[in-house]
Amino acid sequence: MSLALAVVLAVGVVVLVALPFLREPAVVDDRLDAPSAEEEGHLTLLDERDRALAALKELEFDHRTGKIRDEDYRALVGPQRQAAAVALRALERYGDAMETPELPPEPAPPPDEGTPPTPAPVPEPYPPPDEITIPSPTPQE
Amino acid sequence: MADLGRAALVVSLGLCVYALVAGAAAARTNRRRLADSARNALFAAFGSTAIAAVVLAVALVRHDFSFAYVAAHTNRTLPTAYALSAFWGGQEGSLLLWLLVLTGYGALAVLINRRLLRDLTVWVVPVLAGIGTFFAFMLVVISSPFDTQTAPLDGAGLTPSLQNPYMVAHPPMLYLGYVGLSIPFAFAAGALLSGRTDERWLVATRRWTLAAWTFLGFGQLLGAHWAYVEVGWGGYYAWDPVENAALMPWLAATAFLHSVMIQERKGMLKVWNMVLVALAFELSIFGTFLTRSGVVNSIHSFAKSPIGSWFLAFVVISTLFSVALILYRLPLLKARTRLESAFSREAAFLYNNLLLVALCLTVLWGVLFPIVTELVKGETRTIGRPYYDFFLRAFGLPLLLLMGIGPLIAWRKASIRSVVRTLAWPIAFTLVCGAALLAAGAGSSRPGLIAYTFSAFVLATIALELVRGTRAVGSVFTLISRNRRRYGGYIVHAAIVLLAIGIAGSSAYGSSTERRLTPGQSMSIGGYTLTLRDVQQTQVPNATETRAVLDVTGRWNGTVSSGDNEYINPNEPSREIGLKTDWLRGEDLYVIADSANPTTKVAHVKVLVKPLVNLIWISGIVFLLGAAVAMWPDAREQRRLVTRLAPARA
Numbered sequence: 005m006s007l008a009l010a011v012v013l014a015v016g017v018v019v020l021v022a023l024p025f026l027r028e029p030a031v032v033d034d035r036l037d038a039p040s041a042e043e044e045g046h047l048t049l050l051d052e053r054d055r056a057l058a059a060l061k062e063l064e065f066d067h068r069t070g071k072i073r074d075e076d077y078r079a080l081v082g083p084q085r086q087a088a089a090v091a092l093r094a095l096e097r098y099g100d101a102m103e104t105p106e107l108p109p110e111p112a113p114p115p116d117e118g119t120p121p122t123p124a125p126v127p128e129p130y131p132p133p134d135e136i137t138i139p140s141p142t143p144q145e
Numbered sequence: 032m033a034d035l036g037r038a039a040l041v042v043s044l045g046l047c048v049y050a051l052v053a054g055a056a057a058a059r060t061n062r063r064r065l066a067d068s069a070r071n072a073l074f075a076a077f078g079s080t081a082i083a084a085v086v087l088a089v090a091l092v093r094h095d096f097s098f099a100y101v102a103a104h105t106n107r108t109l110p111t112a113y114a115l116s117a118f119w120g121g122q123e124g125s126l127l128l129w130l131l132v133l134t135g136y137g138a139l140a141v142l143i144n145r146r147l148l149r150d151l152t153v154w155v156v157p158v159l160a161g162i163g164t165f166f167a168f169m170l171v172v173i174s175s176p177f178d179t180q181t182a183p184l185d186g187a188g189l190t191p192s193l194q195n196p197y198m199v200a201h202p203p204m205l206y207l208g209y210v211g212l213s214i215p216f217a218f219a220a221g222a223l224l225s226g227r228t229d230e231r232w233l234v235a236t237r238r239w240t241l242a243a244w245t246f247l248g249f250g251q252l253l254g255a256h257w258a259y260v261e262v263g264w265g266g267y268y269a270w271d272p273v274e275n276a277a278l279m280p281w282l283a284a285t286a287f288l289h290s291v292m293i294q295e296r297k298g299m300l301k302v303w304n305m306v307l308v309a310l311a312f313e314l315s316i317f318g319t320f321l322t323r324s325g326v327v328n329s330i331h332s333f334a335k336s337p338i339g340s341w342f343l344a345f346v347v348i349s350t351l352f353s354v355a356l357i358l359y360r361l362p363l364l365k366a367r368t369r370l371e372s373a374f375s376r377e378a379a380f381l382y383n384n385l386l387l388v389a390l391c392l393t394v395l396w397g398v399l400f401p402i403v404t405e406l407v408k409g410e411t412r413t414i415g416r417p418y419y420d421f422f423l424r425a426f427g428l429p430l431l432l433l434m435g436i437g438p439l440i441a442w443r444k445a446s447i448r449s450v451v452r453t454l455a456w457p458i459a460f461t462l463v464c465g466a467a468l469l470a471a472g473a474g475s476s477r478p479g480l481i482a483y484t485f486s487a488f489v490l491a492t493i494a495l496e497l498v499r500g501t502r503a504v505g506s507v508f509t510l511i512s513r514n515r516r517r518y519g520g521y522i523v524h525a526a527i528v529l530l531a532i533g534i535a536g537s538s539a540y541g542s543s544t545e546r547r548l549t550p551g552q553s554m555s556i557g558g559y560t561l562t563l564r565d566v567q568q569t570q571v572p573n574a575t576e577t578r579a580v581l582d583v584t585g586r587w588n589g590t591v592s593s594g595d596n597e598y599i600n601p602n603e604p605s606r607e608i609g610l611k612t613d614w615l616r617g618e619d620l621y622v623i624a625d626s627a628n629p630t631t632k633v634a635h636v637k638v639l640v641k642p643l644v645n646l647i648w649i650s651g652i653v654f655l656l657g658a659a660v661a662m663w664p665d666a667r668e669q670r671r672l673v674t675r676l677a678p679a680r681a
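For the record, the sequence lines run as chains A and B. If you're matching positions, the first sequence starts at 5 in the numbering used here and goes up one per residue. If you're matching positions, the second sequence starts at 32 in the numbering used here and goes up one per residue.
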C-alpha cells in the first residue's frame, strides 16, 4: 500500500515538474518575459512619481496635524512640488502623467500666527494615477 | 506507513535539489519553461512534505509505536492534542515542521508574485529551494522521524512540562516566525542576484515580514506565559539562550520593519536593509541551532544531537553567501538621497535601528560568550541576568522614548521650535504623571520610574497623533483606513508600552518572601496573609499529586494550592504553582511550595506579589490587533501594484 502510494506520488511530481515542457514541447521563444530596458525605465519613473506625490502628501498631512510650522511648510513644499512636477513631466512621453491630479496650490501667507493656512489637500485617494483611465494617445497624422 | 513518509521526504529532497539547480540555471540562462518547471518543483515539494507530515501526525494520533519518534515522545495516556503537539516536541518532528512551513510559505509567496515580479521570483525559487534542500537533507540522511522499530507496549511519554496548552501553540508560532523570515531573505537575495535592487522586493515581502515578525513576537509571549505558569520559578523570561534565540531575530526584524520605510520613501539604507534581512534570517537558523544542538546549557535543549554541526555549517555558508552577494551588488545599492537633518522622522528611525541592532548584538554576545570562553580558555563562563538587565535598560529605555518622539517629528527635517511645540502637551502630561508616580512611591526604583514616565509619554503622543489626525481627516476610522500601516504601528507601540509597564511593574516593584510552614503557621506579604492549612497527596492515573493548601486573607480571601506532580510515565517531576490574579490591579499572587511533605505536613513556601504582570499578557492581544491592522490588505494599493507591475508581463 505504502509503496503504491509512493509510486503514485513520484509519478505525480514528475508530471507536475515536466508540465511546462509537456504543454509546450517546442516553442519559438523560450525567454523569460522580463521587462525591456524601456519598460524598466518607465517603471522607475512611475516609482519616482509615486514617491514624490506621496512625500508631498505626507508633508501636507504633517502640516495639517501641526508637526510642521507654516514657514517650514512653505520652505519645504516648493522643492517637493518641483520634484513631483519633474517626475510628472518625465512621464509625459509615456502618456501616464496626463490624468494626474493637479498639485495643491501654493498656500496663502498666514493672516496671523494663530491661524495657519490650510492648503488644498492633494486629491484623495492618494495617488491613484494608475487607476485613472488614461486616454489613448491620439494617433499621429 | 513509515515507508510512505520516508519516500515523501526523499521526493521532497529530490524536488528541492531540482528546484535549486534548474531554477538557478533557468534564471541564469533566461529560460522560461525551465523556470516554470523549477517553480512547479517547489510547489510539489510542499505537497510531498505535507504528505510526510500527515503520515507522522496520523502515527502520533494512533499511538503507532512502531515509529521510534512516536514511542519516544508519546504514550497511550497522552490526550490527542498533546499527542499531536509531540510533532514539534522532538528534533525530527521540529525539522519536518520547518520544511513543511518553508515549502508552504515559499510556494505561496512565489505563486502570489509569479506574474508581478517574474524576473525577481525566478531567482527566489532557487534560494528557497536551497534552504529547503538543507532541511530535506537533514530529514532524509541525518535525523528522520520515520525510523521504525518493533513496537513496544507503551511509549516514553511527553515531558510533563510540555503538556500545557501554551506549549501546543508556542513552538508552531515560533516556527511560523523563524521560517517566515526566509521569505524576505529569499526575495532580498533574489533582488541582489537579478540586479533588481529597487524597492519592489520590499513591497512584495512587506506583509510576509510583518506576518513572520508577528508570529515570532506573539510566540515569545506565549512562551513567556508558559514559563510563568509551568516552569514555576516565578518569572517569565530568564534570558535563557534559547529564549534569546527567538528574541534576536525578532529585534533584527523590528529594525528592518522600521528602516524599510526609509528605503521606500527616500531610497536610503539599501545596504543596511539587506544586512538586516540577512541578519534576521541567519539568526533564525542560529536559533534553531541553539535549540537543537545543546551547545549551550538551556532548559529548552531537550535533545543534544549531532545536527548542531550541520546547522553551524549552514549558518556559515549562508552568511558567506549573503555577504558576498551584498558586496557584489554594492554599486547597485547606493542611496538616492541623503539624510537631510538629524531632527527628522527618518533620523528617528535610524536611531531606533541603531538601538535595536545594538540590543540584538548585545544579546548575541551574551549567548555566544560561554561558547567563546570554552573555545579560548577551555572553561565555560556564562553571563548572568545583570548583564542583560543592564543593556535592556541602556538600550530599551531610549527606544521607548524614541517611540514617542519619532511619530511626532516630520519627515525630511523639523525645526527645534516645531518639535518643542509638538511635544509640549505630551511632555506636560509626562511631568504630571512623573510627579504623581513619585507621590505614589514609585521612586523606590529609578529604572521603574523612568520606564513608567516614558510609557506615559509614548501613550500621550499616540493619543495626540490620533486626535490631530482625526481632526484633519474627519473620523478615526477614515484616518486608520487611509494609512493602516502607520496606525497599526501605533497600536503595536501601545502594546510595547503595556509590555514595558508590565515588565517594570512586576520586576521593579514586585516583592517576594519565603518561609518553612507547618499547618496553622502564616506568612505575610503585600497585604496578603497566607496560612498553611494542610499538605495533601492524591493519586491520579499518571501521577502522584502533592499539594500545600494555603488559606489567603487580606486583599483577597480564598485558597491557593501549590506543590508538585510526580509522573509515572515519563518518570519526571513537575512543579505546580498556585496563582491568584487580580485583574483590576493587573496583579498576581504567585505561590511556589517546595518539598511539601504529606507525612510531616511541612512545606517550604515562596510567595511573590507581581504588580501589573498581567499587562504583559494583555499586550499580546493589543500587539496582535495592531499587527492585523497593519497587515490588512489595502485594495487600492493592490490595484496600484497590479497595474504598475503589469508591464513586466507584457
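Idealized CB from N, CA, C, for every residue including glycine.
| Asked | Found |
| --- | --- |
| Span of the alpha helix (DSSP H) around THR152(B) | 149-168 |
| Short CB-CB distance (under 9 Å) between ASP116(A) and chain B | Residue confidence is low: ASP116(A) scores 46 on pLDDT, short of 50, so the model does not pin down where it sits. Its coordinate-derived value is still stated next. False, the Cβ-Cβ gap to chain B never drops below 9 Å. |
| Cβ pair count under 8 Å reaching 3, the segment 500-510 of chain B against the segment 56-70 of chain A | yes |
| Those residues which DSSP pairs with GLY609(B) across a bridge | VAL622(B) |
| Secondary structure of HIS635(B), DSSP reduced to three states | strand |
| Anticipated Cβ contact below 8 Å, PRO478(B) with GLY541(B), distance rounded | That belief does not hold up - the Cβ atoms of PRO478(B) and GLY541(B) are roughly 13 Å apart, past 8 Å. |
| Assigned exposure category for THR319(B) - 16 Cβ within 10 Å defines buried | buried |
| Chain B contacts made by the segment 54-74 of chain A, where a contact means CB separation under 9 Å | ASP54, ARG55, ALA58, ALA59, GLU62, LEU63, PHE65, ASP66, HIS67, ARG68, THR69, GLY70, LYS71, ILE72 and ARG73 |
| Residues that DSSP places opposite GLY641(B) in a beta bridge | Reading off the sequence, residue 641(B) comes out as Lys, not Gly. DSSP, once it has assigned bridges, lists ASP619(B) as partnering LYS641(B). |
| Boundaries of the alpha helix (DSSP H) in which ILE357(B) is found, first to last residue | 338-359 |
| Alpha-carbon spacing of LEU87(B) relative to LEU49(A), whole angstroms | 52 Å |
| Span of the alpha helix (DSSP H) around ALA75(B) | 63-92 |
| Span separating the alpha-carbon of LEU147(B) from that of VAL141(B) | 10 Å |
| 7 Å Cβ shell around ALA94(A) - same chain, five flanking residues per side excluded | LEU49 |
| Residues sharing a beta bridge with SER555(B), DSSP | THR560(B) |
| Chain B contacts made by the segment 13-27 of chain A, where a contact means CB separation under 8 Å | LEU13, ALA14, GLY16, VAL17, LEU20, VAL21, ALA22, LEU23, PRO24 and PHE25 |
| Contact with chain B by VAL90(A), beta-carbon distance below 9 Å | no |
| Beta-carbon proximity list for SER192(B), same chain, < 7 Å, skipping 5 on both sides | GLU261, VAL262 and SER605 |
| Range covered by the beta strand (DSSP E) that runs through ALA574(B) | 574-585 |
| The beta strand (DSSP E) enclosing ASN596(B), as first and last residue numbers | 589-598 |
| TYR49(B) at chain A interface by Cβ criterion, 9 Å | yes |
| Start and end residues, beta strand (DSSP E) containing SER174(B) | Element bounds for SER174(B): n/a, residue is neither H nor E. |
| Rounded C-alpha distance that separates ASP150(B) from TYR267(B) | 46 Å |
| ARG231(B) versus ALA22(A): straight-line alpha-carbon distance, rounded | 30 Å |
| Inter-residue CB distance, LEU386(B) and ILE532(B) (contact presumed, cutoff 8 Å) | Not confirmed; about 19 Å, so no contact. |
| Closest by C-alpha distance to THR179(B), when choosing among ASP34(B), ALA627(B) and SER593(B) | ASP34(B) |
| ALA95(A): contacting residues in chain B (beta-carbon distance under 7 Å) | Looking at the sequence itself, residue 95(A) is Leu, so the reference to Ala does not match. Per Cβ cutoff of 7 Å: no residues; LEU95(A) is ~12 Å from chain B at best. |
| THR509(B) - containing beta strand (DSSP E), residue span | It is not in any beta strand (DSSP E) - THR509(B) instead sits in the alpha helix (DSSP H) that spans 507-513. |
| Continuous alpha helix (DSSP H) assignments of at least 4 residues falling wholly in the segment 186-220 of chain B | 196-211 |
| Start-to-end residues for the alpha helix (DSSP H) that takes in LEU392(B) | 376-408 |
| For GLY339(B) and GLU28(A), the rounded distance between their alpha carbons | 45 Å |
| Alpha-carbon spacing of THR245(B) relative to PRO664(B), whole angstroms | 16 Å |
| Cβ contact check for the segment 130-145 of chain B and the segment 63-73 of chain B: 3 or more pairs under 8 Å | yes |
| ASP67(B) versus VAL155(B): straight-line alpha-carbon distance, rounded | 12 Å |
| Contacts around THR584(B), its chain only, beta-carbon distance under 7 Å, and the 5 residues preceding and following it disregarded | THR560 |
| Beta carbon proximity, ASP150(B) to chain A, threshold 9 Å | yes |
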